[in-house]
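Chemist: After the structure tokens below, expect a handful of questions from me.
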DNA sequence: AGTTCGCCTTGACACAGATCAAAACGGGAG
DNA sequence: CTCCCGTTTTGATCTGTGTCAAGGCGAACT
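Protein chains in written order, with our numbering: chain C, 501 to 747; chain H, 501 to 747.
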């Protein structure tokens, strides 16, 4: 099932995503051990990183680019179940096989940790286990918030919700504190958006045009988005205007 | 926001759900400490157990009955994001406030642990933390599987998926090893089902009637369900016929 | 036995989004 | 510059599910 072109491995000594990922709060000696089992891998847009059901050789953090987690039915219907932006974590300690297919939506660089030694590290380092639980709980909240989007929002609200989530994540990465006039590159095709939102790509396209016409977003090309007024976008998404994610 | 009738507290010494919940694999002294911070509470059908945003005084396991986790938009649209059957765990260590509203779908008994001391116990007992991570990962998988249901399945498949999940869970609780001719009490109203599936209650009713007419299920009254052929049900749900949940 | 109330079913119709089809756009290769 | 190919937009039509409305059924109470 796996047929990837051999990826380029490249050692590195300074993990640029330390601030949010597992390695946060680590002592020097723990970081040293992480270094030993760590390597970088890059993937080009469209490439499959891991197939559902494959043996997991590693767990990883996204360093740059966007990757997606998708589930597929036998007849080809697809649903994205996770969007992985820089600093997001992929993979499960203690699980032999991948549950979902991971695909590079744009060119992606990942910081991988060999799974077995990583698991040992967890067992001996309580605060890594602790951090892992925290991250998993956050992911669970995100998944549940998305269930509301999928189950109860209409097409326009779905699009607005997706844009709002990405805008916020991008702003956080850039340390932009004010959310007015956010501009960002939406690194997803219309098809990828439709897979995330449970829509067709035609509907996504139509609603993007509608949001543009109504001045909720400004499009520069197909992918570059400007959000002139974040609270307006959140309103379109049907969220509270205070903009807080439900904790 | 909280306005519950004072629940009846009742001490108990033997936790009947030890086998699957946090207390599994505990040593005698750890169990003793769990006993100290544990109490039972019961709720009647329809009662709200916890309101979203409320202070969490406890974490808990469902002992009997069915509870639901729901999210609501300001305009009243509701989405169920979790279904809690006996042995399921509710609440998050380290989170002050509840993220979702928990409601008793039937009469419910819960085994509660006072939150603060429970958190201390986690910090000093690695395998409880470990078990908690495992359970959270399982919940995450369940949530993501449900995203596929919400985003990509049609009404008939949604109903079949829900029935299949409940049937399996019930069979597991009863230690029924063969899945043929499962009979169970569906403890949800049509409205609760519609909240879970992102449908209206009319559509749920129509599709239940259709599945009955086609012999996929047999209805005894409104709630008692017999599934003559589990693989047929799974087929209707659009799942693989081997019946395995994606790991 | 009859009434009431909550839950469920069924029908008629409307509409959001899917489907099918075609054309426009844009970036890279030659 | 032009051609080509993948992506996106736009249009026309179809359909599954929502919406509104009426009626049925069963359990609890008088």
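In this text, a Cβ means the ideal position worked out from N, Cα and C, and glycines have one as well. Remember, it's a predicted structure, so these values are computed and weren't measured experimentally.
Applying the 10 Å Cβ sphere with the 16-neighbour rule, what's the burial state of residue 675 of chain H?
Modeler: When all chains shown are included, residue 675 of chain H counts as exposed.
Chemist: Whole angstroms are fine: how far does the CA of residue 648 of chain H sit from the CA of residue 626 of chain H?
Modeler: Roughly 34 angstroms separates the two Cα atoms.
Chemist: Looking only at its own chain, which residues have a Cβ that is under 8 angstroms from the Cβ of residue 615 of chain C, when we skip the five neighbours before and after it?
Modeler: Answer for residue 615 of chain C: 556, 557, 558, 559, 591 and 593, listed in chain order.
Chemist: Within 10 angstroms of its Cβ, does residue 538 of chain H collect 16 or more other Cβ (buried), or is it exposed?
Modeler: Buried: at least 16 other Cβ atoms inside 10 Å.
Chemist: Are the beta-carbon atoms belonging to residue 601 of chain C and residue 548 of chain C less than 8 angstroms from one another?
Modeler: Yes; because the gap between Cβ atoms is below 8 angstroms, this pair is in contact.
Chemist: Let me see if you follow: with CB-CB separation under 8 angstroms, is residue 588 of chain C close to chain H or not?
Modeler: No, no contact with chain H.
Chemist: Are residue 579 of chain H and residue 651 of chain C touching if we call contact CB-CB under 8 angstroms?
Modeler: Yes, they are a contact pair.
Chemist: Using a C-beta cutoff of 8 angstroms, does residue 581 of chain C count as contacting chain H?
Modeler: Yes, because at least one Cβ of chain H sits closer than 8 angstroms to the Cβ of residue 581 of chain C.
Chemist: In chain H, which residues lie less than 8 angstroms from residue 652 of chain C when you measure between Cβ atoms?
Modeler: 573, 577, 578, 579 and 698, listed in chain order.
Chemist: Mind checking the region 702 to 733 of chain H against chain C and listing, in chain order, the residues whose C-beta falls within less than 8 angstroms of any C-beta there?
Modeler: Within the region 702 to 733 of chain H, no residue qualifies.
Chemist: Taking 8 angstroms as the threshold (C-beta atoms), are residue 692 of chain C and residue 605 of chain C in contact?
Modeler: In contact: residue 605 of chain C and residue 692 of chain C (Cβ atoms closer than 8 angstroms).
Chemist: Alpha carbon to alpha carbon, how far is residue 598 of chain H from residue 502 of chain H? Give it in angstroms, no decimals.
Modeler: Its pLDDT being 40, under 50, residue 502 of chain H is placed unreliably by the model, and nothing is read from it.
Chemist: Looking at the structure shown, is residue 599 of chain H part of a helix, part of a strand, or coil, going by DSSP?
Modeler: Reduced to three states, the DSSP call for residue 599 of chain H is coil.
Chemist: Please list the terminal residues of the continuous beta strand (DSSP E) segment that includes residue 549 of chain H.
Modeler: Where residue 549 of chain H is concerned, the enclosing beta strand (DSSP E) stretches over 548 to 550.
Chemist: Mind checking if residue 636 of chain C is an interface residue toward chain H, Cβ cutoff 8 angstroms exclusive?
Modeler: Yes, contact with chain H.
Chemist: Taking a contact to mean a Cβ-Cβ separation below 8 angstroms, would you say residue 612 of chain C touches residue 656 of chain C in this structure?
Modeler: No. Outside cutoff.
Chemist: So which residues on chain C does residue 626 of chain H lean against when the C-beta distance must stay under 7 angstroms?
Modeler: 626, listed in chain order.
Chemist: Contact check, residue 571 of chain H vs residue 562 of chain H under 8 angstroms by CB: the rounded distance?
Modeler: That belief does not hold up - the Cβ atoms of residue 571 of chain H and residue 562 of chain H are roughly 19 angstroms apart, past 8 angstroms.
Chemist: What does residue 647 of chain H reach in chain C if we use C-beta pairs closer than 7 angstroms?
Modeler: Going along chain C in sequence order, the residues near residue 647 of chain H (Cβ under 7 angstroms) are 579, 581, 643, 646, 647 and 650.
Chemist: Out of C:623, C:630 and C:658, which one is the CA nearest neighbour of residue 622 of chain H?
Modeler: Residue C:630 is the option with its Cα nearest to residue 622 of chain H.
Chemist: Taking the alpha-carbon of residue 565 of chain H as reference, which of H:550, H:608, H:588 and H:726 has the nearest alpha-carbon?
Modeler: The shortest Cα separation from residue 565 of chain H among H:550, H:608, H:588 and H:726 belongs to H:608.
Chemist: With a threshold of 8 angstroms between beta carbons, is residue 629 of chain H in contact with chain C?
Modeler: Yes, its Cβ sits closer than 8 angstroms to a Cβ of chain C.
Chemist: The beta strand (DSSP E) with residue 561 of chain C in it runs from where to where?
Modeler: Here the beta strand (DSSP E) through residue 561 of chain C covers 558 to 564.
Chemist: Where residue 731 of chain H and residue 666 of chain H are concerned, what is the direct C-alpha to C-alpha distance, given to the nearest angstrom?
Modeler: Cα to Cα, residue 731 of chain H sits roughly 14 angstroms from residue 666 of chain H.
Chemist: Under 7 angstroms Cβ to Cβ from residue 699 of chain H, same chain only, skipping five residues before and after it: list those, please.
Modeler: Result list for residue 699 of chain H: 655 and 658, in chain order.
Chemist: I need the DSSP call for residue 623 of chain H, collapsed to helix, strand or coil.
Modeler: In the structure shown, residue 623 of chain H sits in a helix (DSSP, three-state: H, G or I).
Chemist: Quick one: Cα of residue 724 of chain C to Cα of residue 717 of chain C, how far?
Modeler: Residue 724 of chain C and residue 717 of chain C: Cα-Cα distance of roughly 10 angstroms.
Chemist: Classify residue 653 of chain C as helix, strand or coil using the three-state DSSP reduction.
Modeler: Three-state DSSP puts residue 653 of chain C in coil, outside helix and strand.
Chemist: Report yes or no: is there a C-beta of chain H within less than 8 angstroms of the C-beta of residue 748 of chain C?
Modeler: A query on residue 748 of chain C cannot be resolved here, the shown segment of chain C reaching from 501 to 747 and no further.
Chemist: Can you check the region 689 to 716 of chain H for any beta strand (DSSP E) of at least 3 residues that lies completely inside it and give the ranges in chain order?
Modeler: Whole beta strand (DSSP E) segments, 3+ residues: zero.
Chemist: In its own chain, which residues sit with a C-beta less than 8 angstroms from the C-beta of residue 536 of chain C, not counting the 5 before and 5 after it?
Modeler: 617.
Chemist: So, with DSSP's three-state summary, where would you put residue 683 of chain H?
Modeler: It is a strand residue.
Chemist: Considering Cα atoms alone, identify which of H:573, H:734 and H:727 is closest to residue 646 of chain C.
Modeler: Minimum Cα distance to residue 646 of chain C is reached at H:573.
Chemist: Give a yes or no on whether 8 angstroms exceeds the smallest Cβ distance from residue 615 of chain C to chain H.
Modeler: Not closer than 8 angstroms to any Cβ of chain H, the Cβ of residue 615 of chain C fails to qualify, so no.
Chemist: Verify the CB distance criterion: does residue 592 of chain C have a CB-CB separation below 8 angstroms to chain H?
Modeler: At least one chain H Cβ lies under 8 angstroms of residue 592 of chain C.
Chemist: Under three-state DSSP, which class holds residue 737 of chain H?
Modeler: If DSSP states are grouped into helix, strand and coil, residue 737 of chain H belongs with coil.
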